[in-house]
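Step one of this worksheet: look at the structure below.
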């Protein structure tokens, strides 16, 4: 059961290579902590001493998966790690990453953030060649294709394989004495690299993980770029030409990324405050107080309050110890729903006209209960403001938003949604306003806004076949 109505980015990836090998698994552990928000179902770390690879992965949070006993055997100079959310229906243990296979060239481990739109066709090619696939994950396809590729080096094998991959991927690859990171030519998902303070380098889905490790000289891995880390050495190669238009996921700024991360040279926290400012300019209403739905909406609510001149205050308190997974879907929990995760501060709400800021509305399962919670706490009016446009289309590039028919805005008008959730008014930020906040221009060029517009940057193929591949449907 999912108490939250938020879309889920399906992974966080990390890789690091050190010249001394001291505490490499511990460093990976710390880095994955900083990426926990990108995946709370499972975690894994693979390490290599240059000859032998070791792997530990299982379902659970980073803190529970990597006990001191689990970390102790993970010795080496190089490591990759992964935090995972799964596509609904495909959260089996066999899909937990990294994947580790033995090849004729030595052990190979791979972890991935994104989604291949042609994974079904690639899987069928592997099956026709006699490969046995045990998982329902794109990452296994990546791993086996690399293992089967020709070439003298792993870099050559990657270059020969890359043109076949269509879609979103930020990959970390552990092979013998090196970590290799690759980002798709569209740049869908974030990936950055930095220099470790005591020697070596690290790469991660977000800069917040690199900052946690004390990295300096942090830089974005460019779309279509391959970065090789070997201890104190780093090699950067443009292996695929970047797509001229680019397709960075706008939702990284709206919700996914941690606010202390920087992407495309922009502070996520600053972008979220600007989302709130633009929202206030577009959809102001007479009110007494602005409150966020914590935590990701806090910067936007501050921006809205600042622009509107209204006071900002806490109206909802979040229980941060309610996980997003492993919650038994009993009838009692279904009935309690949002009340398990949020409680209202009636002293800040009673008798007041409230503007409630949230970052997104996906299935619409929590907006109504939140409005009721605020109203029951004594608010005289509840006006809901959303910091992005209505989400009407499924994502095929690594985000679990559900399917088109799961999305409330795909079925109902804004007026109908307002009535459904019981708000006194409802407004979404326009696409132009969102892009002004994120990119200083109303143009969406360089970004993927397909979940709002239905205009996918590349053909997404047979969605039903991909769902069958992932085990979501039979």
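Residue numbers (our numbering): 13 to 486. Ideal Cβ placement from N, Cα and C applies to all residues, glycine included. Here the structure is a predicted model, which is why all the values come from computation and not from measurement.
- As computed with DSSP, residue 370 is found in a beta bridge with 398.
- Assigned with DSSP and collapsed to three states, residue 198 falls in coil, not helix or strand.
- Per DSSP, the beta-bridge partners of residue 56 are 69 and 94.
- For residue 403, the secondary structure class from DSSP, reduced to helix, strand or coil, is coil.
- Annotation: the continuous alpha helix (DSSP H) that includes residue 447 extends over 443 to 451.
- Between the alpha carbons of residue 272 and residue 406 lies a gap of roughly 27 angstroms.
- DSSP places residue 219 in the helix class (H, G or I) of the three-state scheme.
- Beta-carbon to beta-carbon, residue 74 and residue 104 are separated by about 20 angstroms, too far to satisfy the 8 angstroms threshold.
- Take the alpha-carbon of residue 290 and the one of residue 397: they are about 11 angstroms apart.
- Contact between residue 446 and residue 252 is ruled out by a C-beta separation of about 28 angstroms, above the 8 angstroms threshold.
- Every beta strand (DSSP E) stretch that sits fully inside the stretch 108 to 139 and reaches 3 residues is listed by chain position as 111 to 115 and 118 to 128.
- Boundaries of the beta strand (DSSP E) around residue 259: 259 to 261.
- Spanning the alpha carbons of residue 448 and residue 53 requires a straight line of approximately 34 angstroms.
- Contact between residue 255 and residue 202 is absent: CB atoms are separated by about 16 angstroms, not below the 8 angstroms threshold.
- A residue is called buried once 16 or more other Cβ atoms fall within 10 Å of its Cβ, and residue 84, having fewer, is exposed.
- Under the Cβ criterion (8 angstroms, minimum of three pairs), the stretch 148 to 162 counts as touching the stretch 104 to 113.
- Here DSSP, grouped into helix, strand and coil, assigns residue 454 to coil.
- Cβ contact annotation for residue 240 (same chain, cutoff 6 angstroms, sequence separation greater than five): 190, 192 and 247, in chain order.
- Secondary structure at residue 353: helix, using DSSP grouped into helix, strand and coil.
- Between residue 274 and residue 280 the beta-carbon gap is near 7 angstroms, inside 8 angstroms, which marks them as a contact.
- The stretch 215 to 226 makes contact with the stretch 34 to 54; the number of CB pairs closer than 8 angstroms reaches 3 or more.
- Here the stretch 125 to 144 does not lie against the stretch 27 to 39, with fewer than 3 beta-carbon pairs under 8 angstroms apart.
- The three-state reading of DSSP puts residue 304 in strand, counting E and B together.
- When C-beta atoms of the stretch 120 to 128 are compared with those of the stretch 223 to 238, fewer than three pairs fall below 8 angstroms, so the two segments do not count as touching.
- Within the same chain, 355 come within 6 angstroms of residue 329 by CB-CB distance, once the 5 residues on both sides are set aside.
- Under the three-state reduction of DSSP output, residue 143 falls in the coil class, being neither helix nor strand.
- Cβ-Cβ distances below 7 angstroms link residue 392 to 363, 364 and 365 in the same chain, with the five nearest sequence neighbours on each side left out; the list follows chain order.
- If you draw a straight line from the Cα of residue 303 to the Cα of residue 319, it comes to about 14 angstroms.
- Residue 464 is positioned such that its CB atom lies no closer than 8 angstroms to that of residue 180.
- When only Cα atoms are considered, residue 88 and residue 58 end up about 10 angstroms apart.
- Straight across, the Cα-Cα distance linking residue 174 with residue 374 is about 33 angstroms.
- Annotation for residue 463: the continuous alpha helix (DSSP H) segment containing it runs 462 to 465.
- At the C-beta level, residue 200 and residue 261 come within 8 angstroms of one another.
- For the pair residue 441 and residue 455, the Cα-to-Cα distance works out to about 15 angstroms.
- Counting along the chain, residue 238 sits inside the beta strand (DSSP E) bounded by residues 237 to 242.
- Burial check for residue 453: the Cβ neighbour count within 10 Å stays below 16, so the residue is exposed.
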